[in-house]
Amino acid sequence: MTAPAGAQAPEGPPAASKPRTLAGRCGAANWVCVSQCIDVSCVERCLARGCEASLAALRQCATKSGCGPDDSACVARACDKQCERTFEPAPPSPAQETVDPCAEASAGAGEVPKKVVGLWRLDAASVKPEEKEQLAGEGQDVKPRPDYDRTLEVTPGGCFLLRTRLEDATLGKGNELEVRTWGTFRVNEKDKTVEVSPKSAQAVGPVCGKPRVIGLSKGRFLQWPAYAYDVEKDTLTLTAKTPSKQTFQFSRQKPEEAPPEEAK
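Numbering (the working numbering), first residue to last: 819 to 1082.
Put into structure tokens, the structure is as follows:
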């Protein structure tokens, strides 16, 4: 196991699903690709297809702007034109944000064991055999990207919500997107397996000074493999039922304690 890197929910996007963006810009096709990722390596592949060069140009603009390291507003003003060239234009009629896609009972696939229910954060993922060879050849260690944060929420009714945060370290100062993927989480307790089926997705957050809600439901969602699951104390482990047996390890996130009531 390594810190979050090296595996993806499916076996990897087929060539036919390669994102097509406007003149190398980052856009909805890239976010659809990200929505099908669990780990860092997959996210990086999605961003490399179409927007790697434009993101590098945006970072260069921020460096040359003369703005302070934490002055996002200044960078936004100085690099507004470059930012617009980096990302596809916002849709003329933005999608309505789906804050809680698992709220409806019909969103789930059936009862889920209590020990699996809750909010989980991805801590580690195994590296694909072919990626191990590539990394060894390059003499590089697998290291997590600090700006990718992934959480998996599982409801009692069998719905899941996977969130991937792309922060300004990736998208440039003042830009942030949270890619949300949701669908059914069908557990077979007898076989200790789970089928995770994405149904829809959104990318939500500020880009180039404008709030964005980008609907991704028109994207082609890949069929994820079945996973063997195991819960030990506060750790959830999913192992893909594929020859590579890619493994994902999550830690339980405990809800924040409610503030004490004011004395009457």
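Yeah, the Cβ is synthetic: ideal placement off N, Cα and C, and Gly gets one too.
On a CA-only basis, which of the options is nearest residue i? Give me that one, please.
i, options, result
"Ala846", "Asp1009, Ser1035, Thr969, Lys1028", "Ser1035"
"Lys1072", "Glu870, Ala874, Lys1051", "Lys1051"
"Gly868", "Cys885, Gly992, Ile1032, Thr904", "Thr904"
"Lys991", "Leu873, Gly936, Cys851", "Leu873"
"Cys855", "Asp967, Cys879, Gly842, Ala875", "Asp967"
"Gly1033", "Leu984, Cys844, Arg843, Trp849", "Trp849"
"Leu940", "Glu906, Thr881, Arg983", "Arg983"
"Ser883", "Glu922, Trp1042, Ala896", "Ala896"
"Cys1114", "Thr988, Glu915, Val893", "Outside the displayed range of the chain (819 to 1082) lies residue 1114, so it cannot be described from this structure."
"Ala875", "Ser944, Cys901, Asp986, Pro1016", "Cys901"
"Ala913", "Pro1029, Val930, Ser1062, Lys1059", "Pro1029"
"Gly975", "Trp1000, Cys920, Pro1024, Leu937", "Cys920"
"Gly926", "Ala987, Leu1056, Lys1017", "Lys1017"
"Cys851", "Gly1023, Ala1019, Glu985", "Ala1019"
"Gly1027", "Glu922, Pro1043, Val930, Leu989", "Leu989"
"Trp1042", "Trp1000, Val1049, Gly842, Gly1023", "Trp1000"
Rounded to whole angstroms, what is the Cα-Cα separation between residue i and residue j?
i, j, result
"Asn1006", "Val1012", "6 Å"
"Tyr1047", "Phe1068", "11 Å"
"Phe1066", "Ser853", "16 Å"
"Gly955", "Arg863", "Since pLDDT at Gly955 reaches only 42, below the 50 mark, its modelled position is unreliable, and the value read off the structure follows with that caveat. Cα-Cα distance, rounded: 19 Å."
"Lys899", "Glu994", "17 Å"
"Thr1053", "Arg1070", "6 Å"
"Tyr1045", "Ala942", "16 Å"
"Arg981", "Glu906", "22 Å"
"Val934", "Pro887", "41 Å"
"Ser924", "Cys844", "33 Å"
"Val1025", "Glu915", "15 Å"
"Val960", "Ser859", "Caution applies to Val960, whose pLDDT of 40 falls short of 50 and renders its modelled position unreliable; the model cannot decide the point."
"Arg877", "Arg998", "25 Å"
"Ser1062", "Asp889", "45 Å"
"Leu937", "Phe978", "10 Å"
"Gly970", "Ala871", "The amino acid at residue 970 is misidentified as Gly; the sequence shows Leu. One C-alpha to the other measures close to 30 Å."
"Ala987", "Thr1055", "28 Å"
"Ala866", "Ser944", "21 Å"
"Asp1009", "Glu996", "33 Å"
"Lys932", "Lys1059", "23 Å"
"Val861", "Val930", "28 Å"
Residue i by DSSP, collapsed to three states: which one?
i, result
"Ala1021", "strand"
"Gly1033", "strand"
"Leu953", "Because Leu953 sits at a pLDDT of 43, beneath the cut-off of 50, its placement in the model cannot be relied upon, and the following sentence gives the value as read from the coordinates. Correct three-state label for Leu953: helix."
"Gln854", "coil"
"Asp967", "strand"
"Val861", "helix"
"Asp941", "strand"
"Asp813", "Residue 813 lies beyond the stretch modelled for the chain, which goes from 819 to 1082, so this question has no answer here."
"Asp959", "Residue placement at Asp959 is flagged as unreliable, the pLDDT there being 37, under the threshold of 50; the coordinate-derived value follows with that caveat. It is coil, neither helix nor strand."
"Trp1042", "coil"
"Glu870", "helix"
"Thr1065", "strand"
Are there 16 or more other CB atoms within 10 angstroms of the CB of residue i, so buried, or fewer, so exposed?
i, result
"Asp857", "buried"
"Ala1021", "buried"
"Ala891", "exposed"
"Thr881", "exposed"
"Gln1064", "buried"
"Gly928", "exposed"
"Val972", "buried"
"Ser1015", "exposed"
"Thr1057", "buried"
"Thr1002", "buried"
"Val917", "exposed"
Step through the CB atoms of chain C and report whether any lies within less than 7 Å of the CB of residue i.
i, result
"Glu929", "This model lacks chain C altogether; it includes just one protein chain."
Just list the residues that DSSP pairs residue i with in beta bridges.
i, result
"Asn1006", "Thr1011"
"Gln1071", "Answer is none; Gln1071 lacks a bridge partner."
"Glu996", "Arg983, Val1022"
"Ala1058", "Tyr1045"
"Val935", "DSSP lists no partner for Val935."
"Gly842", "Paired residues: none, contrary to the question."
"Val801", "Coverage of the chain is limited to positions 819 through 1082, which leaves residue 801 absent and any answer about it impossible."
"Gly1001", "Phe978, Pro1016"
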